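Counting from 1, position 192 in the sequence shown corresponds to residue 192 in our numbering; the numbering is continuous, with no gaps.
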Amino acid sequence: MPKKFPQPKTGRLLCLVQGATSGGWLAEALRQSQERFHAVFNSAPEALFIALADGRLADANHRAAQLTGYSREALKGMDLRELLTPWKPPPIARLQHQSPVKRPVFREGRLTKKNGAQKRIEFCRQWVKIDQENFWAVWVREVREDRQTEKILRDSQKKLRYLNYQIMTAQEEERRRISRELHDEVGQGLTALKLFLTSINRELSSDLQQNCQTMLDFLDEFIKNVRRLCRDLRPTLLEIMGLSESLSHLLKESSEMFHFAGTAEIDDIDSLCDSEIQINIYRIIQEALTNIGKYARATKVFLKVKIKPPWLQVKIEDNGIGFNLKEVAAQKAAPSGCMGLISMKERARMCGGALRIWSREGKGTKVSVTIPLTDKGRQLCLSTI
Ligand SMILES: Nc1ncnc2c1ncn2[C@@H]1O[C@H](COP(=O)(O)OP(=O)(O)O)[C@@H](O)[C@H]1O
Ligand SMILES: [Mg+2]
């Protein structure tokens with residue numbers, strides 16, 4: 001069936017005929033279009049300036065007058081450089097050969113008002129064609145105080161995070177140094193002392209031997225504690241056994257020390273993470289297990305380390321007494337409040353990942369960490385630190 005085109009309404013047709021016969025339906029259409037343009041231009045909620053290539057203002061809308069404090073008439077002919085800083089468009093010679101730019105240019109800057117006051121603004125300039133001529137169209141928007149504050153806050157958070165990253169890296173380095181000193185100086189010294197005492201012991205009378213043996217037992221315990229301290233400070237197992245084995249060992253050690261039944265499902269992840277990420281994962285799990293030992297009164301703990309490309313997922317669950325997250329979060333304001341939980345979160349973030357905690361009083365606690373395994377994910381992490 002042939003398509004039916006809509007018929008022009010008789011009234012509109014008449015009007016066009018009348019317009020044409022009275023010498024200008026084209027002029028009338030142009031007038032109407034200009035009226036529409038001016039209505040939109042003047043009622044726009046953003047300040048809008050139209051300027052010539054050299055920056056002189058050809059027009060400005062109502063909002064622009066409000067923002068600058070000048071009347072629209074006074075604005076006409078003014079140089080945009082008097083109003084906007086920075087205003088550095090390309091030189092006129094280059095603009096003449098340039099077709100209207102498709103991509104608008106966004107800037108942050110300052111606006112100088114009639115009374116000399118300066119306002120922070122964002123503006124967007126675009127080289128446009130109006131009635132066969134090229135102009136600058138410039139939209140200007142005030143940056144609101146709360147957005148400024150938000151930006152300052154975001155910047156300082158970023159700096160803080162970077163500082164934290166530096167502190168944690170330095171702390172890890174310092175721990176390594178102390179652990180070495182402790183092992184080489186104190187540990188070796190104690191072992192030498194033990195050998196010396198053992199040889200003296202052989203020479204002693206039997207009643208003194210008993211006393212010396214008590215000293216030797218005490219020394220053994222002391223050496224064991226120094227070794228544990230060295231291990232905590234610098235998990236050498238991590239370097240010797242790799243991360244996966246060290247985590248199993250850490251869980252076993254914690255379960256013996258804190259009297260809970262630990263079960264684990266740990267994928268082999270040694271080749272997937274560099275040493276910095278490995279130490280962060282180790283420290284997160286170490287802190288979670290210490291917290292369980294200190295507070296949870298748990299009888300069962302489950303540790304899961306799973307590869308779910310492109311992520312590594314870590315879960316530490318306990319069936320202990322749990323805690324009120326809101327109350328604990330409120331302690332964050334205190335100078336030393338929740339440093340353990342905060343550093344766990346920061347470490348996850350340093351690996352480009354995130355850490356979440358679920359806990360309810362009487363219902364245990366679950367800590368979950370997600371870390372990207374891909375290079376892309378890690379690069380993203382470095383860019384956000
Ligand atoms: N697994 C857990 N079970 C019960 N309470 C916990 C657990 N983990 C953390 N908490 C609570 O969270 C608080 C903050 O922990 P954390 O930031 O590690 O600080 P700290 O160990 O120095 O007290 C603890 O004081 C404790 O009340
Ligand atoms: Mg803690």
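Ideal Cβ placement from N, Cα and C applies to all residues, glycine included. Note that this is a predicted model, so its numbers are computed, not measured.
Sorry if obvious, but does the Cβ on residue 339 come closer than 7 Å to a heavy atom of ligand 1? Counting from 1 along the sequence shown, the entry for residue 339 is found at position 339. Answer for residue 339: yes, Cβ within range of ligand 1.
Any heavy atom of ligand 1 within a distance shorter than 7 Å of the CB on residue 287? By one-based count along the sequence shown, residue 287 stands at place 287. Flag set: Cβ of residue 287 near ligand 1.
Cβ separation of residue 285 and residue 316, assumed to be a contact under 8 Å, to the nearest whole Å: Position 285 of the sequence shown, counting from 1, holds the residue named residue 285. Position 316 of the sequence shown, counting from 1, holds the residue named residue 316. About 6 Å separates the two Cβ atoms, so the contact holds.
Rounded to the nearest angstrom, how far is the Cβ of residue 219 from that of residue 197, given a contact under 8 Å? Numbered from 1 along the sequence shown, position 219 holds the residue referred to as residue 219. Numbered from 1 along the sequence shown, position 197 holds the residue referred to as residue 197. Indeed, because the Cβ distance is near 7 Å, the residues count as touching under 8 Å.
Given this structure, state the Cα-to-Cα distance separating residue 225 from residue 164, to the nearest angstrom. For the purposes of this step, residue 225 is identified with residue 225 of the sequence shown, where counting begins at 1. For the purposes of this step, residue 164 is identified with residue 164 of the sequence shown, where counting begins at 1. Going by the C-alpha atoms only, they are around 30 Å apart.
6 Å CB neighbourhood of residue 355 in its chain, flanking five on each side removed: Taking the first residue of the sequence shown as 1, we reach residue 355 at position 355. Here the set comprises 344, 345, 348, 369.
Assigned exposure category for residue 21 - 16 Cβ within 10 Å defines buried: Translated into the one-based positions of the sequence shown, residue 21 becomes position 21. Caution is warranted here: a pLDDT of 49 is assigned to residue 21, below 50, making its placement in the model unreliable, and the coordinate value is therefore given only provisionally. It is exposed - the Cβ of residue 21 has fewer than 16 other Cβ atoms within 10 Å.
As an exercise, report each continuous alpha helix (DSSP H) stretch of at least 4 residues that is fully enclosed by the stretch 332-365, in chain order. 339-350
Report, in whole angstroms, the separation of the C-beta atoms of residue 362 and residue 322, which I expect to be a contact under 8 Å. As a working note, residue 362 is residue 362 in the sequence shown. As a working note, residue 322 is residue 322 in the sequence shown. Between residue 322 and residue 362 the Cβ distance is about 6 Å, and since that is below 8 Å, they are a contact.
Beta-carbon proximity check, residue 136 vs residue 127, cutoff 8 Å: Against the sequence shown, residue 136 aligns to sequence position 136. Against the sequence shown, residue 127 aligns to sequence position 127. Taking 8 Å as the Cβ cut-off, residue 136 and residue 127 qualify as a contacting pair.
Give the range of the beta strand (DSSP E) segment to which residue 304 is assigned. Stepping through the sequence shown from its first residue, residue 304 is reached at position 304. 300-308 is the extent of the beta strand (DSSP E) around residue 304.
Confirm, please, whether the CB-CB distance from residue 58 to residue 52 is below 8 Å. To locate residue 52, count along the sequence shown from 1; it is residue 52. To locate residue 58, count along the sequence shown from 1; it is residue 58. Contact flag set, yes.
My guess is that residue 244 and residue 274 are in contact by the Cβ rule of under 8 Å, so how many angstroms apart are they, rounded? Taking the sequence shown and counting its residues from 1, the one referred to as residue 244 is at position 244. Taking the sequence shown and counting its residues from 1, the one referred to as residue 274 is at position 274. That belief does not hold up - the Cβ atoms of residue 244 and residue 274 are roughly 15 Å apart, past 8 Å.
Rounded to a whole number of angstroms, what is the C-alpha to C-alpha distance between residue 360 and residue 306? For the purposes of this step, residue 360 is identified with residue 360 of the sequence shown, where counting begins at 1. For the purposes of this step, residue 306 is identified with residue 306 of the sequence shown, where counting begins at 1. Each residue's Cα considered, the two are about 25 Å apart.
Scan the stretch 42-108 and note each continuous beta strand (DSSP E) run of 3 residues or more that stays entirely inside, going in chain order. 47-51, 57-60
Member of 212, 188, 187, 207 whose CA lies at the smallest distance from the CA of residue 199: One-based indexing of the sequence shown puts residue 199 at position 199. The shortest Cα separation from residue 199 among 212, 188, 187, 207 belongs to 212.
Examine ligand 2 and report whether any of its heavy atoms sits within less than 7 Å of the Cβ of residue 365. For this step, residue 365 is matched to residue 365 along the sequence shown. Incorrect: residue 365 has no Cβ contact closer than 7 Å to ligand 2.
Given a cut-off of 8 Å on the beta-carbon distance, is the pair residue 288 and residue 320 in contact? For this step, residue 288 is matched to residue 288 along the sequence shown. For this step, residue 320 is matched to residue 320 along the sequence shown. Contact flag unset, no.
Which one or two residues does DSSP pair with residue 134 in a beta bridge? Sequence index remark: in the sequence shown, residue 134 carries index 134 (1-based). Its beta-bridge partners are 129.
Secondary structure, beta strand (DSSP E): runs of 3+ residues fully inside the stretch 248-304: 261-266
Skipping 5 residues on each side, what residues in its chain have a beta carbon closer than 6 Å to that of residue 70? As a first step, residue 70 must be located in the sequence shown, where it is residue number 70. Contacts found: 114.
Inspect the beta-carbon positions of residue 281 and residue 328 and report whether they are closer than 8 Å. Numbered from its first residue, the sequence shown carries residue 281 at position 281. Numbered from its first residue, the sequence shown carries residue 328 at position 328. Not a contact, by the Cβ cut-off of 8 Å.
DSSP state of residue 149 mapped onto helix, strand, coil: Within the sequence shown, numbered from 1, the residue matching residue 149 stands at position 149. Residue state, collapsed to three classes: helix.
Secondary structure at residue 167, three-state DSSP: helix, strand or coil? One-based indexing of the sequence shown puts residue 167 at position 167. Helix, per DSSP.
When the Cα atoms are used, what is the spatial distance from residue 152 to residue 169? The residue given as residue 152 occupies position 152 in the sequence shown. The residue given as residue 169 occupies position 169 in the sequence shown. Roughly 26 Å between the two C-alpha positions.
Any chance the CB of residue 387 is under 7 Å from a heavy atom of ligand 2? Since the first residue shown for the chain is 1 and the last is 385, residue 387 is missing from the structure and cannot be characterised.
When the Cα of residue 67 is compared with those of 121, 32, 105, which residue comes out closest? By 1-based counting over the sequence shown, the position of residue 67 is 67. The residue with the shortest Cα to Cα distance from residue 67 is 121.
Considering Cα atoms alone, identify which of 86, 125, 295 is closest to residue 118. For the purposes of this step, residue 118 is identified with residue 118 of the sequence shown, where counting begins at 1. The residue with the shortest Cα to Cα distance from residue 118 is 86.
Quick one, which of 278, 187, 214, 64 has its alpha-carbon nearest residue 239's? Locating residue 239 in the sequence shown gives position 239, where the first residue counts as 1. Minimum Cα distance to residue 239 is reached at 278.
Where residue 234 sits in the DSSP three-state scheme: Here residue 234 refers to the residue found at position 234 when the sequence shown is read from its first residue. Coil at residue 234, not helix or strand.
On the premise that residue 357 lies in contact with residue 365, defined as a C-beta separation below 8 Å, what is that separation, rounded to the nearest angstrom? If you number the sequence shown from 1, residue 365 lands on position 365. If you number the sequence shown from 1, residue 357 lands on position 357. Confirmed, Cβ separation roughly 7 Å.
Along the beta strand (DSSP E) that carries residue 316, what are the first and last residues, could you check? Here residue 316 refers to the residue found at position 316 when the sequence shown is read from its first residue. Residues 311-318.
Mind checking whether residue 80 and residue 64 have CB atoms under 8 Å apart? Walking along the sequence shown from the start, residue 80 turns up at place 80. Walking along the sequence shown from the start, residue 64 turns up at place 64. Cβ distance not < 8 Å, so residue 80 and residue 64 don't count as in contact.
Where does residue 350 land, buried or exposed, given buried means 16+ other C-beta within 10 angstroms? For the purposes of this step, residue 350 is taken as the residue at position 350 of the sequence shown. Flag for residue 350 reads buried.
DSSP beta-bridge partners for residue 139? Position 139 of the sequence shown, counted from the first residue, corresponds to residue 139. DSSP lists 48, 124 as partners of residue 139.
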